[in-house]
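To start, the structure under review is shown below, and the notes come after it.
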Amino acid sequence: MMTFKPVTLAGLAAASLSLTPAASAADIERFYPDSGTVPIAQGVVVPPGYTTYYISGALPTPVKPAANGQPAEYGDITQQTRSVLDNLKAAMDKMGVGFGDVVAAHVFLDPKADFMAMNKVWGTEFGTAAQPNKPARAAMRVNALVAPGALLEIEFIAAKKP
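All residue numbers for the sequence shown refer to the working numbering, where the first residue is 306 and numbers rise by one.
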């Protein structure tokens, strides 16, 4: 009986070591709603071995900068969403990640913002033939954003194999 235990423990240790590479080589798993038209995932699982990137919230770039005591103008929600996504892409390019690596997003919307118009622009970057990945996402209305006239702010969490 004494010789059986060390062999069993050694066998278990060898078996567990042989499973480690497979677990770390797993891909990010995304769970989508039954409706294929929703541009977000219900959930995303990032396995061990991935680097996580936290991308700070981005605001739109003004289409008309503040001048002569007048606040900046940012355009409508379509223009602002495009601007925010472009700003996030530029920040992510510096980190070596892209929209396909985004696993979670938080969208903060001004009460006047048109959610469906924002979502339409969102759908040009996520869940497309060119970039099929969709992140988990929460969208919420907030009382105000830090930039007067801005209608949204978006932040991302991305994950990528090192």
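Glycine included, C-beta positions come from ideal geometry on N, C-alpha and C.
Bridge-paired residues (DSSP) for residue i
| i | result |
| --- | --- |
| Val407 | Ala463 |
| Gly348 | Phe336 |
| Leu364 | DSSP lists no partner for Leu364. |
| Tyr358 | Ala463 |
| Leu457 | Leu414 |
| Ala372 | Gln375 |
| Ala443 | His411 |
Chain-order list of residues whose beta-carbon lies under 6 angstroms from that of residue i (same chain, five-residue window excluded)
| i | result |
| --- | --- |
| Pro352 | Ala331 |
| Thr366 | Ser388 |
Sequence-distant residues of its chain with Cβ nearer than 7 angstroms to residue i (five each side left out)
| i | result |
| --- | --- |
| Thr383 | Ala422, Val426 |
| Pro467 | Thr356 |
| Lys439 | Arg335, Tyr337, Pro344, Ile345, Ala346, Phe431, Gly432 |
| Gly454 | Pro376, Ala377, Glu378, Tyr379 |
| Val368 | Glu378, Tyr379, Gly380, Gln384 |
Anticipated Cβ contact below 8 angstroms, residue i with residue j, distance rounded
| i | j | result |
| --- | --- | --- |
| Ala441 | Ala409 | 5 angstroms |
| Val451 | Leu414 | With a Cβ gap of about 14 angstroms, Val451 and Leu414 do not count as contacting. |
| Leu364 | Ala418 | Not a contact, Cβ separation roughly 13 angstroms. |
Contact set for residue i: own chain, Cβ-Cβ below 8 angstroms, skip 5 residues either direction
| i | result |
| --- | --- |
| Gly348 | Arg335, Phe336, Ala441 |
| Lys465 | Tyr355, Thr356, Tyr358, Gly401, Val402, Asp406 |
| Pro370 | Ala377 |
| Ala449 | Asp415 |
Interface flag, residue i vs chain B, CB-CB below 7 angstroms
| i | result |
| --- | --- |
| Lys369 | Here there is only one protein chain, and chain B is not present. |
Segments of 4+ residues assigned as alpha helix (DSSP H) that fall wholly inside the stretch 377-441 | Runs found: 382-400, 420-427.
For the 8 angstroms Cβ check, are there 3 or more pairs between the stretch 388-404 and the stretch 445-465?
-> With a cut-off of 8 angstroms on Cβ pairs, the stretch 388-404 is in contact with the stretch 445-465, counting three or more such pairs.
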